[in-house]
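A.B. asks: A single structure is presented below for examination.
There are 4 protein chains.
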Amino acid sequence: MHVTPEQEAEIEAQRQETFSTRRSTSPGLEEILYQVIPVLDHGFIRVVDYMGDDSAVVQAARVSYGRGTKAVRGDAGLINYLLRHRHTTPFEMAEIKYHVKLPIFVARQWIRHRTASVNEYSARYSILDNEFYLPAAEDLAAQSTVNRQGRGETLTGDEAARVYELLRRDAEQSYADYQEMLNEDDGGEPLDPGRQGLARELARMNLSLNFYTQWYWKTDLHNLMHFLSLRADEHAQFEIRIYAEAMLETMKRWVPQTYDAFVNYRHGGAHLSSKGLAAVKRLIAGEDVSQAGSGMSKREWSELMEMLGREG
Amino acid sequence: MHVTPEQEAEIEAQRQETFSTRRSTSPGLEEILYQVIPVLDHGFIRVVDYMGDDSAVVQAARVSYGRGTKAVRGDAGLINYLLRHRHTTPFEMAEIKYHVKLPIFVARQWIRHRTASVNEYSARYSILDNEFYLPAAEDLAAQSTVNRQGRGETLTGDEAARVYELLRRDAEQSYADYQEMLNEDDGGEPLDPGRQGLARELARMNLSLNFYTQWYWKTDLHNLMHFLSLRADEHAQFEIRIYAEAMLETMKRWVPQTYDAFVNYRHGGAHLSSKGLAAVKRLIAGEDVSQAGSGMSKREWSELMEMLGREG
Amino acid sequence: MHVTPEQEAEIEAQRQETFSTRRSTSPGLEEILYQVIPVLDHGFIRVVDYMGDDSAVVQAARVSYGRGTKAVRGDAGLINYLLRHRHTTPFEMAEIKYHVKLPIFVARQWIRHRTASVNEYSARYSILDNEFYLPAAEDLAAQSTVNRQGRGETLTGDEAARVYELLRRDAEQSYADYQEMLNEDDGGEPLDPGRQGLARELARMNLSLNFYTQWYWKTDLHNLMHFLSLRADEHAQFEIRIYAEAMLETMKRWVPQTYDAFVNYRHGGAHLSSKGLAAVKRLIAGEDVSQAGSGMSKREWSELMEMLGREG
Amino acid sequence: MHVTPEQEAEIEAQRQETFSTRRSTSPGLEEILYQVIPVLDHGFIRVVDYMGDDSAVVQAARVSYGRGTKAVRGDAGLINYLLRHRHTTPFEMAEIKYHVKLPIFVARQWIRHRTASVNEYSARYSILDNEFYLPAAEDLAAQSTVNRQGRGETLTGDEAARVYELLRRDAEQSYADYQEMLNEDDGGEPLDPGRQGLARELARMNLSLNFYTQWYWKTDLHNLMHFLSLRADEHAQFEIRIYAEAMLETMKRWVPQTYDAFVNYRHGGAHLSSKGLAAVKRLIAGEDVSQAGSGMSKREWSELMEMLGREG
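Line by line, the protein sequences are chains B, U, R and G.
Taken in order, the first sequence gives residues 161 to 472; the numbers are from our numbering.
Taken in order, the second sequence gives residues 161 to 472; the numbers are from our numbering.
Taken in order, the third sequence gives residues 161 to 472; the numbers are from our numbering.
Taken in order, the fourth sequence gives residues 161 to 472; the numbers are from our numbering.
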């Protein structure tokens, strides 16, 4: 379950209220503000606040007195220019805040992005819910045999069934024992009035890394794009990538011009090394370039060939 | 002149537009949004955007699903608690953006606060205006004789007149020569069609540090309070303190509960060292404590006595 | 086991090598460089590199050309002054790097300090060892009845025994199943040649938060002191505080003058709110001040009385 | 003059002292440690401390117990891999500290890099020296007619002579008046015992932006590379680029393997947008691609043609 009916009602009540503001608004983002966007089996993202839109980037770049935007086309051109030439500071001028529910092992990867603000639900103070992540059948992958840090084929048959069985059993057991150690039932009542119950800050250590946590996470548009360029990338682990992909959709609603520029220059772009650039020039000139003659390692060469859509 | 009539008109036009939003708004801050608040002879601050209000702090601390606030009193109590116990992350969840016009030597102090986003008017790209700071008569201070990094009495008479004369003459000369080197008059026309004009990125070096620049500056509430605790402090140089004091007023409008807590715990609070705390305990117990017996240096002792409102 | 004999041998081999350098060295820290300092049942900290010592703070504050230090006494006085007046930037000029082995739930608190550099052992790439934290008998605490975020008395008797039993059993089970899902035995051989094995990046989610991880963690002296002031504090959870206390000892060896100043001004110091300062002044004047007359909340008043060593 | 004889003597004295350390050392960097590397007419950089070398990157990536390096070739391969795949955190594990003397207008660009530590010479506390930057004849450039943020041809003849005359005259005048306002001569004696002298924090505002300041500046290898990729770039203003180029040489001495990787992947590399990559693929396939058919703007197309060494 992604949210309880009570939480859903709280969210809906908040969506009903509107206010008058002199600030720039992003109509596309207002439409989905506060709404739960489900991710994985129990997780979600939802945008809970934002500041600025595409015009905030343009205004800051121009240090404007008024609205500061010109024709839509001129603004888009400026945004393209800024992104292409790595003038990143104007993109720091727009800000977005998410409420995210995610498995702890995903949270541990996510938190490595330090240029963001975070408030996480405290398991020192409160008791975590009995919700843990179990991969969907198609996401239950074998270890890759070519990449130590990646996945291979999907597991099937008995092996898949056994893995499910183990993941579910261990998570259920660890939660049941968490409750027993806390000496609290689901309603917060003591299981055994004669016991004191282990401190919450200690009992939580019994939970496994697939349990869900949640946090408020706030960052600016520049750092959001950096996060997305790494985490919506095919090399990212599936379980964080699917969050990044959902956030990419919210970015499209929020700042459509910056989104287009991002997709063109970053997300869909590619980087050439000095040796790679030399090889590309020779290929364009019609030369027959081989890995041996390129000065590049085999791995690097195959990465280049893949980027160019050629056979190595 | 703080802004030109054209700039004033742009600002007013922006103030006339209002939008509907689902986001939290701060009515006190909306009232003055975009308005110029004059500082020094030609400078200003104006709030150009914000995200969140006191409730954003409370929501993040509670990782709420809905509006997340309780009774006003409960919220204020939580904000007090968070600030008192240095739980600073919830204060990062509200954001504010200023447009600031300020002398370059003030900008050089200001920029040392790194946890903020900045877009400054570019003198590589554009030509700076002919506006420079001259202290008001009462702010023209002599070097302090007791504090190498501070001011003493106000200069008067011939010495004051002479200082004014020098500051004005040199600034005017440097601007006239800046224009001559650029080979541009006030209207952007060449002064001499036969000359090329020095590159802007070079010509600017002839301007003195009292010329005005401007920037968009954005930070979160936690880092704003850190800035204000250092810069609205009596040890800060007057020319930056007066900006900080104007910002303190905008903070009061924006987040009144956090403002009250800030004034009580930080701005009006005091720090005791281990030795200072020991001395205070003895003083409360009615003992007669002297500097010699306190283990503190003379300077430290006199700082403590000043904090306690006692003669050293 | 804190380290294996092979790791111990690697460390010893590294300790045997010395080099000649023109850089400042800290003799006290060189003595213990690379050595394992055990923390908790399997964890440790060890200092693996550093840059600068007390003199780096002094040199930077003076922007010196040469060694830049004066008499030892003058340096200590400057360091005291800088720390007392929150001139924090010179303390950023010395740097220290630790190798830390710690339970995952401790790592999750630790990582919230963002102004540091971190490289963590990757469980996407490698397989974690079978080592998990079990509290010592005296650290197995009940939930506090007065502080939702704290510990009460130590559990004893049957309840303690049962908690141990559950923590150990669940951790052992989760590791056994981790290995089964990976399809690897302790030597890295397949348990069952007919199975593919679950991807490492997925299997790790079955481990509980008391399993040990490790990382390289690097920060500067200013941010180290901030970390220590929060984590070597009595409000910090015991399992992170004991790491902070071990680090405090390394700081004492590294920068003895800064350490003394830190203990006096920060670690052993106290903060007074505006209302708290007013109350202290009245107490020193011999007035009878009560909570009701202080303008402070009950909780705040009792915190002040505790700081002053008085009964509330 | 880059340094005074007294400063030179202090530096030499410090270079004579050597210490024994267990830390990794960089022999190439030790050779030039503390030495002044002149930049511009009075400026310099000098490396005053460092932590780690190439092996620090490798150790952190491997979370090693001992020295952690393998064959030189294996280490270089790992460093190449890390840089190519944007695994940037291991590069944060090595640190370098510079003492830099630079014109204030250059310092204002430099300080925009926020992920560094800085201690600047204080003109509130001390008096600046009478040293200002005058461009060499070949660096006195006209405003570019094609790029609003750039330089065109070198000025010559009467115009060059006039610019020199103005820059020199105004700087000399502003310094003379700075001294008069301070009421101090070169030896620190009052010019007129009957005057108080203007506060230093005010008098400094009369100096122009070409006066030299100096600071200690410390950053890690990752952020150094980011700084160098932007500031040793041809789009950077000459006066900061020449500092970056001097620093690039120190980087080569310090971490030769990382330097090689940096030159190949970043400094000499290039970025392709999604549309640019599509155009490259078509060019390699022998198609005749034009700007109109590429979906790229004219400016973007000409940038791509320049990168590929083709006529637009």
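Cβ coordinates follow ideal geometry from the N, Cα and C atoms, glycine included.
List the residues that DSSP assigns as beta-bridge partners of residue 261 of chain U.
C.D. replies: According to DSSP, which records beta bridges pairwise, residue 261 of chain U is partnered with U:204, U:374.
A.B. asks: Shortest alpha-carbon distance to residue 277 of chain R belongs to which of G:273, G:281, G:255?
C.D. replies: If we check each option's Cα against that of residue 277 of chain R, G:255 comes out closest.
A.B. asks: Taking only beta-carbon positions, decide if residue 432 of chain R is within less than 8 Å of chain U.
C.D. replies: Yes - at least one Cβ of chain U is within 8 Å of the one on residue 432 of chain R.
A.B. asks: Are residue 456 of chain G and residue 430 of chain G closer than 8 Å when you measure CB to CB?
C.D. replies: Not a contact, by the Cβ cut-off of 8 Å.
A.B. asks: Can you tell me whether residue 385 of chain B is buried or exposed, with buried defined as 16 or more other CB within 10 angstroms of its CB?
C.D. replies: Residue 385 of chain B should be labelled buried.
A.B. asks: Give, in chain order, every residue of the stretch 435-446 of chain G whose Cβ lies closer than 8 Å to some Cβ of chain B.
C.D. replies: Flagged, chain order: 435, 436, 437, 440, 441, 443, 444, 446.
A.B. asks: Candidates R:395, R:184, R:199: which alpha carbon is nearest residue 210 of chain R's?
C.D. replies: Nearest of R:395, R:184, R:199 to residue 210 of chain R, Cα basis: R:184.
A.B. asks: Going by DSSP, what residues sit across from residue 463 of chain U in a beta bridge?
C.D. replies: Note: residue 463 of chain U sits in no beta bridge, so no partner.
A.B. asks: Identify each residue in the stretch 367-387 of chain U for which the Cβ-Cβ distance to at least one residue of chain B is less than 9 Å, and report them in chain order.
C.D. replies: Here the close residues are 374, 375, 376, 378, 380, 382.
A.B. asks: Once you ignore the five residues that flank residue 352 of chain U on each side, which residues in its own chain have a CB closer than 8 Å to its CB?
C.D. replies: Here the set comprises 343.
A.B. asks: If you check the beta carbons only, do residue 314 of chain B and residue 326 of chain B fall under 8 Å apart?
C.D. replies: Going by C-beta atoms, residue 314 of chain B is not nearer than 8 Å to residue 326 of chain B.
A.B. asks: With a threshold of 8 Å between beta-carbons, can residue 365 of chain B be considered close to chain U, or not?
C.D. replies: False, the Cβ-Cβ gap to chain U never drops below 8 Å.
A.B. asks: Do you know how far the Cα of residue 241 of chain B is from the Cα of residue 461 of chain G?
C.D. replies: Roughly 13 Å separates the two Cα atoms.
A.B. asks: Examine chain G for any beta-carbon lying closer than 8 Å to the beta-carbon of residue 179 of chain R, and answer yes or no.
C.D. replies: So, interface residue.
A.B. asks: Provide the residue(s) that pair with residue 165 of chain U in DSSP beta bridges, ordered along the chain.
C.D. replies: BP columns for residue 165 of chain U are empty, so no partner.
A.B. asks: Counting along the chain, where does the alpha helix (DSSP H) carrying residue 198 of chain R start and finish?
C.D. replies: Careful: residue 198 of chain R lies outside any alpha helix (DSSP H), inside the beta strand (DSSP E) at 197-199.
A.B. asks: How long is the line joining the alpha carbons of residue 340 of chain U and residue 272 of chain G, rounded to whole angstroms?
C.D. replies: Between residue 340 of chain U and residue 272 of chain G, the C-alpha separation is close to 29 Å.
A.B. asks: Return the residues of the stretch 248-281 of chain G that lie within a Cβ-Cβ distance of less than 8 Å from chain R, sorted by chain order.
C.D. replies: Here the close residues are 249, 250, 252, 253, 255, 257, 259, 277, 278, 279, 280, 281.
A.B. asks: What is the residue span of the alpha helix (DSSP H) that residue 219 of chain R lies within?
C.D. replies: Note, residue 219 of chain R: alpha helix (DSSP H), 214-222.
A.B. asks: Based on the DSSP secondary-structure assignment, which residues constitute the bridge partners of residue 303 of chain U?
C.D. replies: Answer is U:311.
A.B. asks: Can you say whether residue 318 of chain B is buried or exposed, counting buried as having 16 or more other CB atoms within 10 angstroms of its CB?
C.D. replies: Exposed.
A.B. asks: Is the beta carbon of residue 182 of chain G sitting closer than 8 Å to the one on residue 194 of chain R?
C.D. replies: Taking 8 Å as the Cβ cut-off, residue 182 of chain G and residue 194 of chain R qualify as a contacting pair.
A.B. asks: Taking residue 416 of chain U as the reference, give the member of U:225, U:187, U:369, U:448 with the closest Cα.
C.D. replies: That would be U:187, whose Cα lies nearest to the Cα of residue 416 of chain U.
A.B. asks: Do we get a CB-CB distance below 8 Å when we pair residue 154 of chain G with the residues of chain U?
C.D. replies: Any question about residue 154 of chain G goes unanswered here, given that chain G covers just 161 to 472.
A.B. asks: What residues from the stretch 323-356 of chain R come within 7 Å of chain B, judged by C-beta to C-beta, listed N to C?
C.D. replies: Of all residues in the stretch 323-356 of chain R, 323, 326, 327, 330, 333, 334, 337, 340, 341, 355, 356 have a Cβ within less than 7 Å of some Cβ in chain B.
A.B. asks: Among the residues of its own chain, which have a CB less than 7 Å from the CB of residue 294 of chain G, if the five just before and after it don't count?
C.D. replies: Here the set comprises 201, 324, 327, 328.
A.B. asks: Give the DSSP-derived three-state secondary structure of residue 323 of chain B in the structure shown.
C.D. replies: It is helical.
A.B. asks: Tell me whether residue 214 of chain U is buried or exposed, calling it buried when 16 or more other Cβ atoms sit within 10 Å of its Cβ.
C.D. replies: So residue 214 of chain U counts as buried.
A.B. asks: When you compare each of G:337, G:444, G:171, G:212 to residue 192 of chain G by their alpha carbons, which one comes out closest?
C.D. replies: Checking every option, the nearest Cα to that of residue 192 of chain G belongs to G:171.
A.B. asks: How many angstroms separate the CA atom of residue 414 of chain G from the CA atom of residue 420 of chain G?
C.D. replies: Cα to Cα, the separation comes out at about 12 Å.
A.B. asks: Where do the N-terminal and C-terminal ends of the alpha helix (DSSP H) with residue 280 of chain U fall, by residue?
C.D. replies: Element bounds for residue 280 of chain U: not the alpha helix (DSSP H) but the beta strand (DSSP E), 277-280.
A.B. asks: DSSP has residue 431 of chain R in a bridge; who is on the other side?
C.D. replies: Note: residue 431 of chain R sits in a beta bridge opposite U:431.
A.B. asks: Give the DSSP-derived three-state secondary structure of residue 250 of chain R in the structure shown.
C.D. replies: Helix.
A.B. asks: Between the alpha carbons of residue 235 of chain B and residue 354 of chain U, how many angstroms are there, rounded?
C.D. replies: The straight-line gap from Cα to Cα measures roughly 36 Å.
A.B. asks: Give me whichever residues DSSP pairs with residue 380 of chain U in a beta bridge.
C.D. replies: Paired residues: U:255.
A.B. asks: Under 8 Å between the Cβ atoms of residue 459 of chain R and residue 285 of chain B?
C.D. replies: Not in contact: residue 459 of chain R and residue 285 of chain B (Cβ atoms no closer than 8 Å).
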